[in-house]
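Shown next, in structure tokens, is the structure this report addresses.
There are 2 protein chains.
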Amino acid sequence: MSTLADQIESYIKQLLSKNEGVVEVKRGDLASTFMCVPSQINYVLETRFTTQQGYIVESRRGGGGYIRIVRLSLADPQLVNLIKGKERRISRQNGEFLIKRLVEEEFLTKREGMIILALLDNSVLEAEHIDAESLRGAMLNTLLINLLREDFI
Amino acid sequence: MSTLADQIESYIKQLLSKNEGVVEVKRGDLASTFMCVPSQINYVLETRFTTQQGYIVESRRGGGGYIRIVRLSLADPQLVNLIKGKERRISRQNGEFLIKRLVEEEFLTKREGMIILALLDNSVLEAEHIDAESLRGAMLNTLLINLLREDFI
DNA sequence: TCAATATAGGTCAAAAATGGTCAAAAGGTG
DNA sequence: CACCTTTTGACCATTTTTGACCTATATTGA
Chain A
505 MSTLADQIES YIKQLLSKNE GVVEVKRGDL ASTFMCVPSQ INYVLETRFT
555 TQQGYIVESR RGGGGYIRIV RLSLADPQLV NLIKGKERRI SRQNGEFLIK
605 RLVEEEFLTK REGMIILALL DNSVLEAEHI DAESLRGAML NTLLINLLRE
655 DFI
Chain B
505 MSTLADQIES YIKQLLSKNE GVVEVKRGDL ASTFMCVPSQ INYVLETRFT
555 TQQGYIVESR RGGGGYIRIV RLSLADPQLV NLIKGKERRI SRQNGEFLIK
605 RLVEEEFLTK REGMIILALL DNSVLEAEHI DAESLRGAML NTLLINLLRE
655 DFI
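As you go down the protein sequences, you meet chains A and B in turn.
Numbering follows this note's numbering, with no gaps: position 95 of the first sequence is 599.
Numbering follows this note's numbering, with no gaps: position 82 of the second sequence is 586.
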């Protein structure tokens, strides 16, 4: 029950785990492995390995070309800023990306992630004349500050 | 006599029983099974699987799309009553009481409680032009309903 | 050296695969 | 008949898959 894109995504994430967060592949090889067109690989990278999701993708064309995918470490204090962007505002999708990532990195349990998403994702946030993105940004900001406190259990 | 809608309803409920309260189907497949138009499925979901009736329905479009129906667990009358009794609008203090209570009753861990409070107590909620109490009430409502999901880990 | 060729990866838009919405038509019921 | 529920279908939105065409880099051989 998962699309090809999902399979490729988890394959890459598996490789990342095995290789301390850095993976270098040939687009063509990967496409062959999954018996798909090469541009499918780009689709996966564009939808699942964006900066907002905490990854850096670099590549080179020509002979000896490659695609390198780097998972930013959460220890890298830049990550949260990267995901949040310079803005204080945060879209629903980016909020979701951030929480999912924190779960993947085991900063939050799956349950905690679900709880946070339930609170943030509320369509009520979208309703009325409130600036949902600012609110979400502020809430996540407070949450992160709290989570990072030494004494936060 | 039972309408087509009734038959689809009981079919889904049967699946839910067989699958511990979670079912994922393709709308098109289900429609084929019952030889009806796909929108008939939506009709059934809208009239028989609402939150009020104890279900959550999630879906995704596009390739690999699906409809997921999750049954809420009404097994715990204490939690159910808490939800029923909850006010629509919730003050900051009452929100705090509610969360503390849920922690004491062990519906939530202490950490989960702290996370929720960090999100709810945020002074941003009190910003102008926002009906903080309604927002808090709505957020808590969504949270509590999610706590009832049978697939809530 | 340098042009030709081979070997990569990139872009973009169309097609395919799903599900959603809404209103009209059809069917029941008091 | 008046009213409510169910059934249908035309049209819309989202996500994934595919392919034709484009660009960049390395290698080769005059």
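All C-beta atoms, glycine included, are put in the ideal place defined by N, C-alpha and C.
Since the model is a prediction, treat every value here as computed from it, not as a measurement.
Selected residue, minimal CA-CA separation from Asp-711/B, among Ser-521/B, Lys-522/B, Glu-600/B, Phe-553/B: Residue coverage of chain B in this structure runs from 505 to 657, which leaves residue 711/B outside it and unanswerable.
Residue from Gly-558/A, Gly-532/A, Gln-557/A with nearest C-alpha to Gly-568/A: Gly-532/A
Assigned exposure category for Asp-580/B - 16 Cβ within 10 Å defines buried: exposed
Secondary structure of Ser-506/B, DSSP reduced to three states: coil
Interface partners of Ala-535/A on chain B, CB under 8 Å: What Ala-535/A touches in chain B: nothing, since even the nearest Cβ is about 17 Å away.
Against chain A: residues of the stretch 584 to 596 of chain B by CB proximity under 8 Å: none
Contact residues within the stretch 518 to 551 of chain B, judged by C-beta distance below 9 Å to chain A: Glu-528
In DSSP terms, what Ser-595/B is bridged to: In the DSSP output, where bridge partners are listed per residue, Ser-595/B has none listed.
Chain B contact for Phe-553/A (CB, 9 Å cutoff): no
Straight-line gap, Ile-619/B to Leu-651/A (C-alpha atoms, nearest Å): 8 Å
Ser-577/A in three-state terms, based on DSSP: coil
Where the stretch 638 to 654 of chain B meets chain A: residues whose CB sits under 7 Å from a CB there: Leu-639, Ala-642, Met-643, Thr-646, Leu-647, Asn-650
Within 9 Å, strictly: CB atoms of Ile-587/B and Ile-573/B: no
Chain A residues whose Cβ lies nearer than 8 Å to that of Leu-623/B: Ile-620, Leu-623, Leu-624, Met-643, Thr-646, Leu-647
Residues that Val-527/B bridges to, as DSSP identifies them: Ile-573/B
Residues within the stretch 557 to 571 of chain B neighbouring chain A, beta-carbon criterion of under 8 Å: Gly-567, Gly-568, Tyr-570
C-beta neighbour in chain B for Ile-516/A, strict 9 Å: no
Reference Tyr-570/B; option with closest CA among Ile-545/B, Gly-558/B, Gln-556/B, Gly-599/B: Ile-545/B
Exposure label - Ile-657/B; buried when at least 16 CB within 10 Å: exposed
Sequence-distant residues of its chain with Cβ nearer than 8 Å to Tyr-547/A (five each side left out): Ala-509
Chain B within 9 Å of Phe-656/A, Cβ atoms only: yes
Selection from Glu-562/B, Thr-551/B, Gly-641/B that minimises the alpha carbon distance to Glu-600/B: Gly-641/B
Beta-carbon spacing of Val-526/B, Thr-646/A below 9 Å: no
Whole-angstrom distance between Ile-516/A and Ile-603/B, CA atom to CA atom: 39 Å
Span separating the alpha-carbon of Gln-597/A from that of Gln-557/B: 29 Å
9 Å Cβ cutoff, Lys-604/B in contact with chain A: no
Spatial distance of Phe-611/B from Arg-565/A (CA atoms): 54 Å
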